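>
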Amino acid sequence: MVWLFDAPDAEVAAPEMLDEYEQIADSGSVDVRVFDEEPAMLDAFVEYIEETNPDVLTGWNFEDFDMPYVLDRLEMVDPSTEYDLDIDRLSRVDEVWRSDWGGPDVKGRVVFDLLYGYKQIVIKELESFRLDAIGERELDVGKEHYSGDIGDLWEQDPEQLLEYNLRDVELCVEIDRKQSVIAFWDEVRSFVGCKLEDAPTAGDAVDMYVLHKAYGEFGLPSKGQQEAAEEFEGGAVFEPISGVKENVTVLDLKSLYPMSMATINSSPETKVDPEEYDGETYHAPDGTHFRKEPDGIMREMIDELLTEREEKKELRDQHDPDSEAYERYDRQQGGVKVIMNCFTPDTDVLTPDGVRNIRDLEVGDDVYSLDPDTEEMEVKSVEETHAYPDYEGELVDIETSKIDFSVTPNHRMLVRKNETNGITEDGYSFVEAGDLDRATNYELPHDWSTEHGDDLGEVDLVDYLDGDYEVWVRPEVHGHTFAAELGYYPDTVLKNDVGEEGYVFDAEAYAEHREYIESVCERSFVHRESGRKWIPRTFDGDDFLDLLAWYVTEGNVYTSEEKQFGEKLRGSATTIQIAQQPAMADGGDDDHAAIGDLLDRMGFNYYADENGYQFTSRLLGETLERLCGGHSFEKQLPEFIFGLSERQKRRFLDTLVAGDGDRQPNSWRYTTSSDRLRDDVLRLCTHLGLTASYGENSGSWRIYVDEGSKNTLRMHRSGSTSTADDGVYCVTVADNHSLLAGRNGTFQFVGQSLYGVSGWDRFRLYDTEGAAAVTATGREVIEFTETASEEIGHEVAYGDTDSVMLSLGEQISKEEAIEQSFGIEEHINERYDDFARDELNAESHRFEIEFEKLYRRFFQAGKKKRYAGHIVWKEGKDVDDIDITGFEYKRSDIAPVTKRVQKAVIDMIVRGGELDDVKEYLHDEITTFEEGDADLEEVGIPGGIGKRLDAYDTDTAQVRGAKYANLLLGTNFQRGSKPKRLYLKKVHPEFWQRMENEHGFDPQTDPLYREFKRDPDVICFEYAEEVPDEFEIDWPKMLDKTLKGPIERVIEALGLSWDEVKSGQEQTGLGQWA
């Protein structure tokens, strides 16, 4: 069934049928219905839903795009038509909600996103999850192609438009039929007792499963209301090798963590204090004790779930490993892995010590943290650090002018909804980045409060001095009275400028008698030493802070050298200069005059000109340099500034901006050359609840603040996904579990790290002690496995959280290796009895290691979780397959040539090829690039467009290439597209002539065309034929971008260099590196 609203300006007649359309599967005839007006078409569509009464409404990216769009269209058209287009008609109970996190809620029907359901089954990163890409992967059928804008098809070729949409529907239906996506999640739904739409979300499904299992047995806390505790160490990973190993057997511990939980009966209600509990307990390696009887709820659930999993594995093993049925059951038994949530390594954290990289934080370091309940900024300490340098999974990228994060999908973002015509939440809450709804307007924390100090009142300069000084005092009492109280007569000095004598005290004497002196002091001055200029000792607090701020932003200190003139010596002089020119005649605040008034109030004798002010005082000059830094590159804020009252912090910041900043309504920017001052101004903004960011401009730092901003984002404009290529990192922060972090000079308060469900504070059975005990048990099991292997003469080549790899040597046959592997399996399993009894106080256990597969050759490039091997036996069957883990070959954002060449090289290595063959192959591939003969389809670098092209604050090469292609090649790249990128050396003049003569482009009036003509460095394309012949590819750059890095990381482990394979030298067998 297809519906068409015939375009009012249609250039051709609407089709009555689609006779020439070739269906993917023979599904019968297609009923084409054409309408003269849109309301009639929409009404017919709603009637079709009412008549057919489906249980499930689904499609690809259905929750985020299709269903919201249908509802939007119905609501837009409804008021202007006689048809009843109320969205509630779509519901079985006349109720449709639009405010849920998971997309529209059509009551009585399931709104199910086929894309999300498919992704959770596949559990791997593919090059693209676009419908056409998955269609090609699963069905060898892509989408219908068209050129130009899809809107043009409506008027110019409505038949192709209908075929395009019909193909999308067919792809969804056939992908679901092949993978049983909905059927599988319906099976999960029935097993755990949740709603179908919640089944693919592990957290929701597990939560409902727990509720059913606990019903009638326990009272559970509300979800997400538990107080988070400290984090814990993760699983064991062995150090990697570099090179090739022969006959490597892989032994896998079946469900290590669940088996650890079941063995020690780990569950929140079974944890006991051994000092108080008299019964028998299991002993976890970290010292936690669990009662032996009765079984805990976690053990009961594990037993039930493992039974279900084993049934799936039995079904899987009835099929050939290369069959579709085997793959389908294997995916199903694999389940859902909880991914750790962390930041990418380019994330910085704003701390009381300044800007620091996430990787540099250590336990005990202080960070700024926000209490989500009170919205108060506090300083909290780092309790744990977590590093996962080998993580190469999915990332959620969020970027606006004030927000820049790249985090794992379940990293907790601190947000609240703020919809103009919808829900506006009062408080902030943690939401996983992967759960942020694409259409909702989210607000991140801003205008937070903090605990401020008191006003700085009268300032006594001696409190800020370092070293010796002298104080001149004129008391208001008679000299005899003054001396009698002191017990002696101090020296007197005539101060000529005031025409009075006063008493002089050195630093020690002043400190001894300070309380009395201050009580009777009428006037007082201070200087460094005899012969130096006296300056006032006390100042108004605001005036003193203003002086510091003006010095920080516009001041410097200069000390002249001593000079000898005959027999006379002219001593050095220290001059303080504050630069500030008078305001222009056209108005504005006159800061030049304000500085003069300030110096007058403070009692300084100064020289002034149109460039600023200067006055002399070694004492004050040295003090300013010590408190605030000397040269512009050394400037800083005195630490006591951060303990002032809110009013004085704001006053200080305003003075800084008046000096080296510029203002617009509700926004300003500040410029400095000092790294320390940059950090200090960012800190001061944080104390004032201001969201600040910074960037570099011509060698200086610029700090930007928009005081009216609410720090909002919508994922459909600001969000995208990518793949981690340099690991992820995180920290655990005390109490609030949030920190001020971001990338590229932006900072926002966000959440911290999560683990598996038992260590996740939104899990109803949250128990970090239990989770820590389980991971500690898992680590001990792996370490004991290594010990047991060594007992029979086998050394671990590599191992991961729940598996070990043992090299059996090159002198044995495949049959002998298989026989030895089963013997090793038997020995280790027997030894687990001793481990459980001696280490865990368990007479029985669930640990079982299984000989999983045999690599004829195993290759590792010196990095954890990056290896490959030639599998010759797997789970009871002979196979001939190449297993690649962690290399770029697995990533979705690399060119096809990278995948092909890296796979070919790895294939040669693990199949026993010679080194000279590898070098020759790579040399030929490089020559193809150098001669410009490479296939554009192969070398184009794919990259996703995560938001509207005009929504990017900074255009990357991918974004610029897409914009240029849309302008000049007739493409239609937009959010969700994944075009291929080429770097250009130059564009020949014939192209510009053609564009300007035939298509009317003018560099004077079209800024994007002008930009590309001035520097044509990159272009994007979908099909190679779109790239004009006049575009000359920068082949050396394409070679570096596609092959050099990924290939270097492989061949360096074999002792080869990139330059060597380019030129081709000495030939050596791979056996040298075994």
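The numbering of the sequence shown is the numbering used here, which starts it at 130 and goes up by one. Backbone N, C-alpha and C fix where the C-beta goes; we use that ideal spot for every residue, glycine too. Since the model is a prediction, treat every value here as computed from it, not as a measurement.
When the Cα of A965 is compared with those of M388, F1102, P144 and P1145, which residue comes out closest?
The residue with the shortest Cα to Cα distance from A965 is M388.
> Mind checking whether A1024 and V1068 have CB atoms under 7 Å apart?
Yes.
> Could you tell me whether the Cβ atoms of L1113 and F1160 are closer together than 7 Å?
Yes; because the gap between Cβ atoms is below 7 Å, this pair is in contact.
> Helix or strand or just coil, what does DSSP make of N1095?
N1095 falls in the helix class under three-state DSSP.
> Give, in chain order, every unbroken run of the beta strand (DSSP E) that is at least 3 residues long and sits entirely within the segment 921-988.
For the segment 921-988, whole beta strand (DSSP E) runs of length 3 or above, ordered along the chain, are 925-929 and 932-936.
> Just curious, the beta strand (DSSP E) that D1163 is in, first and last residue?
Element bounds for D1163: n/a, residue is neither H nor E.
> With a 10 Å radius around its C-beta and 16 neighbouring C-beta atoms as the bar for buried, classify M146 as buried or exposed.
That one is exposed.
> Considering just the uninterrupted stretch of the beta strand (DSSP E) at A737, what are its terminal residues?
Note, A737: beta strand (DSSP E), Y736 to D738.
> By the DSSP assignment, the beta strand (DSSP E) with Y1185 in it spans what residues?
Note on residue identity: the sequence assigns Leu, not Tyr, to residue 1185. Unbroken run through L1185: none, as it is neither H nor E.
> Would you call the segment 669-681 in contact with the segment 601-616, where contact means no fewer than 3 C-beta pairs closer than 8 Å?
The answer is no - the segment 601-616 does not touch the segment 669-681, with fewer than three Cβ pairs under 8 Å.
> Taking contact to mean at least 3 C-beta pairs separated by less than 8 Å, is the segment 319-327 in contact with the segment 164-175?
Cβ pair count under 8 Å is below three, so no.
> Classify A142 as buried or exposed, calling it buried when 16 or more other Cβ atoms lie within 10 Å of its own Cβ.
The residue in question, A142, is exposed, as its Cβ has fewer than 16 Cβ neighbours within 10 Å.
> Hey, quick one: how far does the beta strand (DSSP E) through E375 stretch, first residue to last?
Counting along the chain, the beta strand (DSSP E) containing E375 begins and ends at S371 to L382.
> DSSP has Y497 in a bridge; who is on the other side?
Paired residue(s): V508.
> To the nearest angstrom, how far is the alpha carbon of E580 from that of R1143?
For E580 and R1143, the distance between alpha carbons rounds to 53 Å.
> Across which residues does DSSP place Q793 in a beta bridge pair?
Bridge partners of Q793: S796.
> Buried or exposed, going by whether 16 or more other CB atoms sit within 10 Å of the CB of T906?
Buried, by the Cβ-count rule.
> Does the Cβ of G416 have 16 or more other Cβ atoms within 10 Å, making it buried, or fewer, making it exposed?
Exposed, since its Cβ has fewer than 16 Cβ neighbours within 10 Å.
> The beta strand (DSSP E) that contains D835, what's its start and end?
Run containing D835: S829 to D835, per the beta strand (DSSP E) assignment.
> V879 and S395 - do their beta-carbons sit closer together than 7 Å?
No, Cβ-Cβ distance for S395 and V879 is not below 7 Å.
> At the level of alpha carbons, what is the spacing between R238 and I311?
Approximately 14 Å, taken between the alpha carbons.
> For G818, name the three-state secondary structure that DSSP assigns.
In this structure, G818 counts as coil in the three-state DSSP scheme.
> On the DSSP bridge list, what partners appear for L1172?
In the DSSP output, where bridge partners are listed per residue, L1172 has none listed.
> Given 8 Å as the limit, is there contact between the segment 976-984 and the segment 1001-1014, that is, 3 or more CB pairs closer than that?
Result yes; three or more Cβ-Cβ pairs closer than 8 Å.
> Suppose the cutoff is 6 Å on Cβ atoms and the five residues either side in sequence are ignored; what does the same chain contact list for D939 look like?
It should be pointed out that residue 939 corresponds to Glu in this sequence rather than to Asp. Closer than 6 Å at Cβ, skipping near neighbours: E375.
> Since W132 is in the beta strand (DSSP E), which residue starts that stretch and which ends it?
Residues V131 to F134.
> Go ahead and label V633 buried or exposed: buried means 16 or more other beta carbons lie within 10 angstroms of its beta carbon, across all protein chains shown.
Answer is buried; the Cβ neighbour count reaches 16.
> Going by DSSP, which residues form a beta bridge with K1003?
In DSSP, K1003 forms a bridge with K982 and K1006.
> If you pair each beta-carbon of the segment 553-568 with each one of the segment 757-775, do three or more pairs fall below 8 Å?
Flag = no, the segment 553-568 and the segment 757-775 do not touch.
> Where P501 and D193 are concerned, what is the direct C-alpha to C-alpha distance, given to the nearest angstrom?
So the two alpha carbons sit approximately 28 Å from each other.
> Am I right that V1030 and L1172 are in contact with their C-beta atoms under 8 Å? What's the rounded C-beta distance?
The pair is a contact, with the Cβ atoms about 6 Å apart (cut-off 8 Å).
> So for S653, helix, strand or coil by DSSP?
Strand at S653.
> If you measure between the beta carbons of N840 and H1128, is that distance less than 7 Å?
Cβ distance not < 7 Å, so N840 and H1128 don't count as in contact.
> Indicate whether E284 and A136 have their beta-carbon atoms separated by less than 7 Å.
Yes, the pair counts as a contact, with Cβ atoms nearer than the cut-off.
> Can A1086 and P1108 be called in contact, C-beta distance under 7 Å?
No, these two residues do not count as a Cβ contact at 7 Å.
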